[in-house]
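In the numbering used here, the protein residues as written are 31 to 278. Here's the structure, in structure tokens; my notes come after.
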Amino acid sequence: MSDFQPVKPEQHQQLKLDPSLDWEFIARQHQLEVTVTEAQQAASSFPLFFIKNSETGTTSIAAITSFVMDSNVLTDDKGEHQLAYVPLAASLRPFALGIDPDNDKNIIPYLDLASSLVSESQGEALFNDGKATPFFQRYNQQLEQFYLGQLETGKFIKALEALDLIQPIELEITIPSGKKSTLKGLCHLNEKALNALAEQDQQNLLNQGYFAAIFAMLSSMTQLNRLIQGHTKLGEPISGINIVPVTA
């Protein structure tokens, strides 16, 4: 179980971190958060969808790594993989962002103290004489980059929603026996609405630099084949996938 705590020099002066990627964590994730600024890179390895948080109601971009909960068919817990890109949300683990308990207007680094990468004996120090080491400063810079990416993602999604370009979809998965199952809770771009956009709306999206991410998300659907191959390799063959728009 995770134990995320705000990183404070007075409490964590002795902490050290193994800078390796947390493949044990990544191997348990059937989806990984991706920011809009990462979309083009992430589309080289994952199918990208929109998902809505049922608790907060916020929508984000997710890289799907498996059709089964709590699993990842694109890698294992030893780091064996063929990924061209690992999203920041995963590569930054065991760090994450959270609200400063001393000032709820600030976002600060949190660290999963239960992670096997965290100890007081092995790895790179986070602090030296109460000050962040260059090692920890690099993580802080990446965390800031991730946070700014999240803000930009919110703007991107808001712009798409204003034009009704996001639609709920289901993935209809067929196995060789002909039996079908359905993966729900996903959204994707409404290509019909996108193609019918007024010229001014297209220009506005272009001016905001959003078409690169739009095309990346559309092209990422070819990565569904990687998931099919991954499941087949694990003895879970899939004969076909159909993307079905959900109508009201």
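Built from N, CA and C at the ideal position, the CB exists for glycine as well. Only a predicted model underlies this, so the values are computations on that prediction, with no experimental measurement involved.
Member of Leu-190, Leu-227, Ile-271 and Gly-153 whose CA lies at the smallest distance from the CA of Thr-89: Leu-190
Does the region 185–203 come close enough to the region 75–92 that 3 or more CB-CB pairs lie under 8 Å? yes
Identify the continuous beta strand (DSSP E) that holds Gln-61 and give its terminal residues. 61–64
Answer with buried or exposed for Thr-65, where buried requires no fewer than 16 other C-beta atoms within 10 angstroms of its C-beta. buried
Under 8 Å Cβ to Cβ from Ile-137, same chain only, skipping five residues before and after it: list those, please. Leu-127, Gly-128, Ile-129, Asp-130 and Tyr-177
Beta-carbon proximity list for Leu-264, same chain, < 8 Å, skipping 5 on both sides: Val-103
Check this for me: beta carbons of Ser-74 and Leu-257, under 8 Å apart or not? no
Look up Gly-153 in the DSSP assignment and say whether it is helix, strand or coil. coil
Cβ pair Asp-33, Gln-152 closer than 8 Å: no
Check whether the region 216–233 touches the region 194–203, counting contact only when three or more Cβ pairs, one atom from each stretch, lie closer than 8 Å. yes
Write down every uninterrupted run of the beta strand (DSSP E) in the region 41–126 whose length is 3 residues or greater and which is fully enclosed by it, in chain order. 61–64, 78–82 and 89–94
First through last residue of the alpha helix (DSSP H) which encompasses Glu-182: 164–192
Between which two residues does the alpha helix (DSSP H) carrying Glu-229 extend? 229–237
Can you find at least 3 beta carbon pairs, one from the region 163–175 and one from the region 225–237, that sit closer than 8 Å? no
Nearest-angstrom Cβ-Cβ length linking Phe-79 and Ile-56, presumed shorter than 8 Å: With a Cβ gap of about 18 Å, Phe-79 and Ile-56 do not count as contacting.
Between the beta-carbon of Leu-141 and the beta-carbon of Pro-117, is there less than 8 Å? no
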